[in-house]
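> Each residue of the sequence shown is one higher than the one before, counting from 1 in full-length UniProt numbering.
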Amino acid sequence: MRLRCPGARAPQHRTARPSTERITSSMAARFLFLFDFDETLINENSDNSVVRAAPFQKLPEALSKNHQPRFFLEHSQQIMKFLSESGVAEDAIRAAIQQIPASPGGAVLLNFLLAREDFECVIVSDANSYFIETWLRHAGAHKLFTKVFTNPAEFNTNGRLVLRPFHSHSCPKCPENMCKQAILREYVSKRAKERGEPFRKVFYIGDGENDICPTLALGQNDTVFPRRGFPMHKIIQDLHKTQPGMYKPSVVPWDRGEDVVDFLKKVLQEK
Ligand SMILES: [Mg+2]
Ligand SMILES: [Zn+2]
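(1) At a cut-off of 8 Å, is Ser125 close to ligand 1 when judged by its beta-carbon and the heavy atoms of the ligand?
(2) Relative to ligand 2, is the shortest distance from any of its heavy atoms to the C-beta of Cys171 smaller than 8 Å?
(3) Cα-Cα, which of Phe33, Gly208, Glu209 is closest to Phe112?
(4) Return helix, strand or coil for Pro55, following the three-state DSSP convention.
(5) In whole angstroms, what separates the C-alpha of Glu194 from that of Asp222?
(6) Taking Tyr204 as part of the beta strand (DSSP E), name the residues at either end of that continuous run.
(7) Under the criterion of a Cβ to heavy atom distance below 8 Å, does Phe33 qualify as lining ligand 1?
(8) From Gln98 to Ser125, what distance separates their C-alpha atoms?
(9) Rounded to whole angstroms, what is the Cα-Cα separation between Cys5 and Val251?
(10) Taking 8 Å as the cut-off, is the C-beta of Thr157 nearer than that to any heavy atom in ligand 1?
(11) At a cut-off of 8 Å, would you count Thr40 as near ligand 1, judging by its Cβ distance to the nearest heavy atom?
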């Protein structure tokens, strides 16, 4: 299947394989591939993108300044409150999300994974279910992902998108609503039981500070793809310097999806 360009109109007839086939084939997948969403799968932060639907395409000053990584969900909530109070309806929010471009080479990577049965792909994101599902469906990429771990979101009767925290956890490093390591650990062990064996390797692609915690649970056999020059990459470089040997997974920085595909092709050739 071919991914459509963001902004393209939905085709009349979908030619993709039925989703049940993908789920069945994922039972045979040798590798688990976890994706972050903002600035990894998409080339923007979706909270910034949705502001295009706002009057004058900007936030009030108080809201645009108030942005701390540990309170990402609260910040998103305030943006959605501002949009609904400004009379921005679901149609405009949906359109703003659909127009977000994929990261460079993103379609190449997703098509590579879709064309093979070796990879079980999931999303782990501190964005929200409405943004992610809207974007994936528009891009024709939703069939690739067997699971999306994110904050649940729903429009209320006033037309406001209400976001709820994904879970609670005891990790002191992560935002209150989401520790991606807790999600990764739980999913990996659940799937190992269901499959009767663990995944051969785990891959993790991300860009942000909150993508570090999950990768600390990975081993030497696993690979992390940090977006080159983004916070995740810088933190890993610091860890390598300050605590040599502490960070276990291999690290393959990426600028484009093709960088990841090149690496995966080599992995598939290994016996
Ligand atoms: Mg991100
Ligand atoms: Zn954590």
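For glycine and all other residues, C-beta sits at the position ideal for the given N, C-alpha and C.
Model, not experiment: these values are computed from the prediction.
With the structure as the only source:
(1) yes
(2) yes
(3) Phe33
(4) Three-state DSSP puts Pro55 in a helix.
(5) Straight-line Cα distance between these residues: approximately 21 Å.
(6) Here the beta strand (DSSP E) through Tyr204 covers 201–206.
(7) no
(8) 17 Å
(9) Because Cys5 carries a pLDDT of 45, less than 50, the predicted location of this residue cannot be relied on, and no value is offered for it.
(10) No, the Cβ of Thr157 stays beyond 8 Å of every heavy atom of ligand 1.
(11) yes
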